[in-house]
Structures are given as structure tokens and as C-alpha cells.
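There are 2 protein chains.
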Amino acid sequence: MTKLDRTDLKILQILQDEARITNQDLAERVSLSPSSCLQRVRRLESNGVISAYHAKVNLASVCRHVMCIATVTMKNHTREEFRAFEALINTIPEVVECVTVSGEFDFFLRIICPDMSSYLEINERLVSSVNYLVTINTHVVMNENKKFGAIDLSSLDEGG
Amino acid sequence: MTKLDRTDLKILQILQDEARITNQDLAERVSLSPSSCLQRVRRLESNGVISAYHAKVNLASVCRHVMCIATVTMKNHTREEFRAFEALINTIPEVVECVTVSGEFDFFLRIICPDMSSYLEINERLVSSVNYLVTINTHVVMNENKKFGAIDLSSLDEGG
DNA sequence: CTTGAAAAATTTAAGAA
DNA sequence: TTCTTAAATTTTTCAAG
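Quick note, the sequences are listed as chains B and H, same order.
So the first sequence is numbered by the UniProt record's numbering: it starts at 1 and just counts up by one.
So the second sequence is numbered by the UniProt record's numbering: it starts at 1 and just counts up by one.
Shown next, in the form of C-alpha cells:
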């Protein structure tokens, strides 16, 4: 783990929300010269502190779609079945997120697909993956109240 | 809703994962001249098709933290209580995502905070918001199997 | 949409705090 | 080290076709 100083955190905070800011503007915002600002950004990139830059696309303007969140519970908690399920997930592009969790569920999935009938197909593939020893509950996203974008790094640093 | 042609979709697909690509390189990838490529990107931005550019920060390299997913069920499904809850969500930076869903739960929340004790504080604030007429179930994220980044636009267009 | 020139930004290198 | 300055390179931007 690299040590990050206050300036690095400022850079990260800005780039989280304005990833295409010019280096000159960024340098000014953090009170550095452009070259030393660039040096820090490059270091954050090569250290993996910044792992990627994403454009956020307003899907509604591209095409109709549905977003669902599915809770998944495996009947048998063997390593093999988990591995098999995770492997399957990675072959389905509509499954855009998968996390393993503690508690009554094993996974949360986020699935984005054109309509409910295509959702049902995906659901069937997921359920059949481990010989139907899997319970999936689906929740259609009706509204995105707060979207996952930037994280307030200061709320993490100072003990929330 | 703006009409998007094949080239726009290619641009969106690339920018989703490589938001800081230079316009020259982007132009080459989509077989356009730099100036007309830039024109398209600017149009996508001003139409809101591209809503933001985010740097993805590897939180583990910044500081210790926990990510939780919480399911929320309101006892009373009145508009006022929903509004109150949504308003509260927006005052808590550690709640980085909130969606309204159909099914047995009303909301899914994603919460990122320094540790479980700060999580408990946030939980208490959420529960007390509507006179404790709210049920929250917490799931600690143990592993991020597949992270939410780019969406395969072709899987949406062609009927999944 | 393309070309091509002007303006701006990025990147590199030399050297100071 | 990390920073700044300054020059060279590359990119962005805009006008004209």
C-alpha cells in the first residue's frame, strides 16, 4: 500500500467526479505545477490507486432496459459450487455486478437487460447452473435515488 | 431522446472503459477525423448521454473500510415516509447508493464506511429516521466478484 | 464530414528548494 | 525527494471547404 498525502487525496477526490479535467486545471485546483501534478496522477495510476476511468452513460437515452437486483442463496455452500456460479456470472454480460456477502444471502447481483423476458432467460441460466440448488429473488429497480459515483474520501479518513 | 448511430455507440463503448483516451486515438478507433469525433463526443455530453466521467479509486489502497449492502423495508408505505427516508439518505455521504425496488424490500443501499462501529451509527440514524418503522438487514461485502463498470451496449441493443 | 492552421495541453529534461 | 521552469511534442479546437 502506497502512502498518500493530502494532495493525493485531493487529486483523487477531484478525479472521481471530473475524470476528464485537464491536467492544467487539476494542477491549479491542488496548487501544484502541471508537471508535478501529472507526475502524481501517473504514479496513482501505476500504483493501481486509480484503477480506471469510466464514462457514465445515461442508459435511458440509449435504449429501453430494465435493471434488476437479485439476491442469490446457494443450497450447498461448497467451494466448487461457489466457483461454478462465479464462473458462470463472468460469461453473462448482462450481469454487470456480483458481490459475495455475509448474512442470509450469498450473492447480490445487478443485472441490466433489454426487458423482462430476457431477464427470465438469464435467471433460468443462473438457476440451472448448479443443478437448481440455488434460490434467486429478483427486485426490479424502480428508481435510482442516489447513484454510485464518487466516494467522499474525507468521510472515510476521519472516522466517518 | 437523441438518436444514436453505430458510431456513437462505439464511442460510448470505448469511453465507458477508457474515459481518458485522447480524442485522436478515439477518432482512429472509430474511423473518424479528430474534429468530427470531438463533435460527437461534445454532443453526447451536452445531450446528457454521457452524464459524467469518473475515476475509479481502489479504496483498499486509500484506507481500511467496509462495504455493506442493506435491504430496507418500510412499515408504512406512505409517500411522506418514503420522501423522508430518501431525504435522509442524501445527507449521509457514507450511503453511496440507494435504489427503490419492487418486491419484499423497498430500498437497497450501499454503504461504505471506515469500520463496523461507524456502520452501526449510520444504521441507527436510518432506523430512527421514520420513528423506527423501518426494517434494515445488513450484508457485509466479502468479495467483489464482478465490479460495476462498463455496460455491454451491444447486449442491450440486440435483445440480450 | 474533412483538411489544415492556431491555440492549448501534455510531456520531457534540467536544475532548485 | 518533490517541486518548478521552460522547451519540445502532441492534442484540441476552430474556420473553411
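Note that CB positions come from ideal geometry on N, CA and C, so glycine has one too.
Minimum Cβ-Cβ distance from residue i to chain B less than 7 Å
i, result
"residue 81 of chain H", "no"
"residue 46 of chain H", "no"
"residue 3 of chain H", "no"
"residue 50 of chain H", "yes"
"residue 151 of chain H", "yes"
"residue 155 of chain H", "yes"
Same chain, Cβ closer than 8 Å to residue i, neighbours up to 5 away in sequence not counted
i, result
"residue 47 of chain B", "2"
"residue 11 of chain H", "26, 30, 37, 40, 41, 44"
"residue 177 of chain H", "Any question about residue 177 of chain H goes unanswered here, given that chain H covers just 1 to 160."
"residue 141 of chain H", "66, 67, 68, 69"
"residue 246 of chain B", "The structure shown does not extend to residue 246 of chain B, since chain B is modelled only from 1 through 160, so no value can be given for it."
"residue 169 of chain B", "The displayed coordinates of chain B run from 1 to 160. Any statement about residue 169 of chain B would go beyond what the structure contains."
"residue 6 of chain H", "none"
Closer than 6 Å: residue i CB and nearest the ligand GDP heavy atom
i, result
"residue 155 of chain B", "Of the ligands one can find in the structure shown there are none, so the ligand GDP has no counterpart to examine."
Below-7 Å beta-carbon distance, residue i vs any chain H residue
i, result
"residue 32 of chain B", "no"
"residue 144 of chain B", "yes"
"residue 160 of chain B", "Because the pLDDT at residue 160 of chain B is just 41, under 50, the model does not fix this residue reliably, and the value given afterwards should be weighed accordingly. So yes, residue 160 of chain B belongs to the interface."
"residue 124 of chain B", "no"
"residue 58 of chain B", "yes"
"residue 88 of chain B", "no"
"residue 96 of chain B", "yes"
"residue 84 of chain B", "no"
"residue 129 of chain B", "no"
"residue 133 of chain B", "no"
Whether residue i touches residue j by CB criterion (7 Å)
i, j, result
"residue 143 of chain B", "residue 100 of chain H", "yes"
"residue 56 of chain B", "residue 52 of chain H", "yes"
"residue 96 of chain H", "residue 69 of chain B", "no"
"residue 54 of chain H", "residue 54 of chain B", "yes"
"residue 156 of chain H", "residue 114 of chain B", "yes"
"residue 153 of chain H", "residue 4 of chain H", "no"
"residue 86 of chain B", "residue 145 of chain H", "yes"
"residue 49 of chain B", "residue 118 of chain H", "no"
Cβ shell of residue i (< 7 Å), same chain only, five flanking positions each side left out
i, result
"residue 14 of chain B", "21, 26, 29"
"residue 116 of chain H", "66"
"residue 108 of chain H", "69, 71, 99, 101"
"residue 129 of chain B", "84, 85, 88"
Beta-carbon contacts of residue i that lie in its chain and below 6 Å, excluding the five residues immediately before and after
i, result
"residue 106 of chain H", "72, 73, 74"
"residue 89 of chain B", "95, 98"
"residue 59 of chain H", "65"
"residue 138 of chain H", "68, 70"
(message) Does the contact criterion of 3 or more C-beta pairs under 8 Å hold for the region 125–136 of chain H versus the region 61–68 of chain H?
(response) Short answer: they don't touch.
(message) Check whether the region 34–51 of chain B and the region 19–26 of chain B are in contact - that is, three or more C-beta pairs closer than 8 Å.
(response) yes
(request) Determine, using beta-carbon pairs with one atom in the region 79–87 of chain B and one in the region 77–85 of chain H, whether at least three such pairs fall under 8 Å. (result) no
(request) Could you list the residues in the region 10–42 of chain B with a C-beta less than 8 Å from some C-beta on chain H, going in chain order? (result) 12, 15, 16, 17, 18, 19, 20
(message) To be precise: take each residue of the region 65–77 of chain H, compare its Cβ to all Cβ atoms of chain B, and keep it if any distance is under 9 Å. Which residues remain?
(response) 65, 67, 68, 69, 71
(request) Residues of the region 101–120 of chain B with a CB closer than 7 Å to any CB of chain H: list them in chain order, please. (result) 101, 102, 103, 105, 108, 110, 112, 113, 114, 118
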